[in-house]
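Chemist: Below is the structure I would like to discuss, written out as structure tokens.
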Amino acid sequence: MLNLRCFKAGKGDCFLLTWETDETHRLLIDSGIEGTYRFFGPLVRDFNEKDSIIITHVDYDHIGGIFKWLLDDQQPLNPSVGFYMNTPQLLITPEQSDKVGIEHGINLEQLLKEKAITPRPLFLQQYEDNILYLNGLQLKILSPAKEVIKKLIEEWTAKEIYQNYLDKKLEVNDKVSVKGISNYRSKAEILNNAPKPHKWQNDLLNSSSIAFVLSFNDSNILFMGDSNPDLVADELSDQGYTPDEKLPLKMLKISHHGAKYNTTKRLLEIIDCSEYLLSTDSSGPYYHPSRETLILISEYGRPSRDKPIIIYSNYSLDIDKLLSKDERFNIEFKEIEQLEIVKKQDDGTFE
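The sequence shown begins at 1 in the numbering used here and counts up by one.
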């Protein structure tokens, strides 16, 4: 059994996977905004050496809940937990260095040191065959490359990361309700002129995001974080996946909350998938998911034209503002809090 919980995380990500081998294990993937902690906190208070945490990248809507947890004296984070990050060297650095994580009362470096937690690096070329094994799970790392991490560390300083944190926090506190999409484009326009992903050099914080294929009992889930789709597609292509030899997926967690620059035809055409997961509250200033992303998934993100697609989300989405009734053909949207992804059958096998 592999169970997924999706927490309310504003425009961010926070997921908890629970599975069983001889005993129960858990994996927290990102921690949303600070307010997300009230949802996942009660479920992780007894995290120990059997459990793990992955922070895909140091962006406010992915790390806010971890700050709250580290500051919670009533529920200290057990230092035996496996704690993985894309950029521990951005955080754990010599004294007086400007290349540290977050300053002042939200200094992640200091908080981790106080709790005796040493983050472990997670990016390409860090593990043999780029695979991390976690108590019965296999994580095939697809992003980021060392080149991306190196450039991020060269160009981002503590001051910039801290300001980015404050900017994102302000967006959450001042968020506005959904006003609908702007620059409405027809389906034909989108398919003929789809948005091109940002060059990774110009979007370092998101392009440094960890992306991986999680495998459990022959079922694969692609967690994209906020990663660059070209970098992920490059890695999958290097592994031999093509439009004729697709990567079979039980589910894909859509990159960057459905932003229009983070999903491409190229990526969708080398995977075999019909179930997708969105994490977004649809609020401004971004109003994710984008119409462009949903159109691309509808057109290219299914094994065949008549194969239905399911898009799960952790918030209710106003689909009428994104897709026409005709465009929603064979697409089902489901708001969920949890989902049993891999089920154990009566004969002891998994489906």
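We treat Cβ as the ideally placed atom computed from N, Cα and C, and that holds for glycine.
(1) Please say whether I190 and L222 have beta carbons closer to each other than 8 angstroms?
(2) Taking its Cβ as the centre, do 16 or more other Cβ atoms sit within 10 Å of S80, making it buried, or is it exposed?
(3) Thinking C-alpha only, which one of N202, K265, N206 and Q126 is nearest P195?
(4) Mind the definition here: the region 291-302 touches the region 19-31 only if three or more C-beta pairs lie below 8 angstroms; say whether that holds.
(5) When you compare the CB positions of S215 and Q138, do they come within less than 8 angstroms of one another, or not?
(6) Can you tell me the Cα-Cα spacing of A211 and D73, whole angstroms?
(7) Just to confirm my understanding: we take K334, look at its own chain, exclude 5 residues before and 5 after, and list those with CB closer than 7 angstroms. What are they?
(8) Which runs of the alpha helix (DSSP H) spanning at least 4 residues fall entirely within the region 289-336, listed in chain order?
(9) Which same chain residues, not among the five before or five after D13, have their C-beta less than 6 angstroms away from its C-beta?
(10) Is the region 121-128 touching the region 239-249, taking contact as three or more C-beta pairs under 8 angstroms?
(11) From Y133, I55 and T263, pick the residue whose C-alpha is nearest to that of M85; which is it?
(12) Assign F216 to one of three DSSP states: helix, strand, or coil.
(13) For R305, count the other beta carbons within 10 Å of its own beta carbon; 16 or more makes it buried, fewer makes it exposed. Which is it?
(14) Helix, strand or coil: which one does DSSP assign to G225?
(15) May I have the straight-line CA-CA distance separating P248 from E114, to the nearest angstrom?
(16) Is the beta carbon of K151 closer than 8 angstroms to that of Q201?
(17) Within a Cβ cutoff of 7 angstroms, which residues of the same chain sit near L132, ignoring the five residues on either side of it in sequence?
(18) Check for me: the beta strand (DSSP E) holding H25 runs from which residue to which?
(19) What number of angstroms, rounded off, separates the C-alpha of T93 from the C-alpha of T87?
(20) Helix, strand or coil for E269 per DSSP?
(21) Taking a contact to mean a Cβ-Cβ separation below 8 angstroms, would you say L277 touches I297 in this structure?
(22) So what does DSSP say about A259, is it helix, strand or coil?
(23) State the Cα-Cα distance for the pair G225 and Y60, rounded to the nearest angstrom.
(24) To the nearest angstrom, how far is it from the Cα of K325 to the Cα of I319?
(25) State the CB to CB distance for the pair V148 and S186, rounded to an integer number of angstroms; the pair is presumed to be in contact (CB under 8 angstroms).
(26) Note down the Cα distance separating N352 from M1, rounded to an integer number of angstroms.
(27) Name the one or two DSSP bridge partners that W69 has.
Modeler: If we stick to the structure as given:
(1) no
(2) exposed
(3) K265
(4) no
(5) yes
(6) 32 angstroms
(7) I310 and Y312
(8) 291-300
(9) D30, H62 and S279
(10) no
(11) I55
(12) strand
(13) exposed
(14) coil
(15) 42 angstroms
(16) yes
(17) L122, L139 and I141
(18) T24 to I29
(19) Per-residue confidence for T93 stands at a pLDDT of 37, beneath the threshold of 50, marking its modelled position as unreliable; no derived number is given.
(20) coil
(21) no
(22) coil
(23) 13 angstroms
(24) 9 angstroms
(25) That belief does not hold up - the Cβ atoms of V148 and S186 are roughly 35 angstroms apart, past 8 angstroms.
(26) As shown, the chain starts at 1 and ends at 351. That puts residue 352 outside it, with no answer to give.
(27) BP columns for W69 are empty, so no partner.
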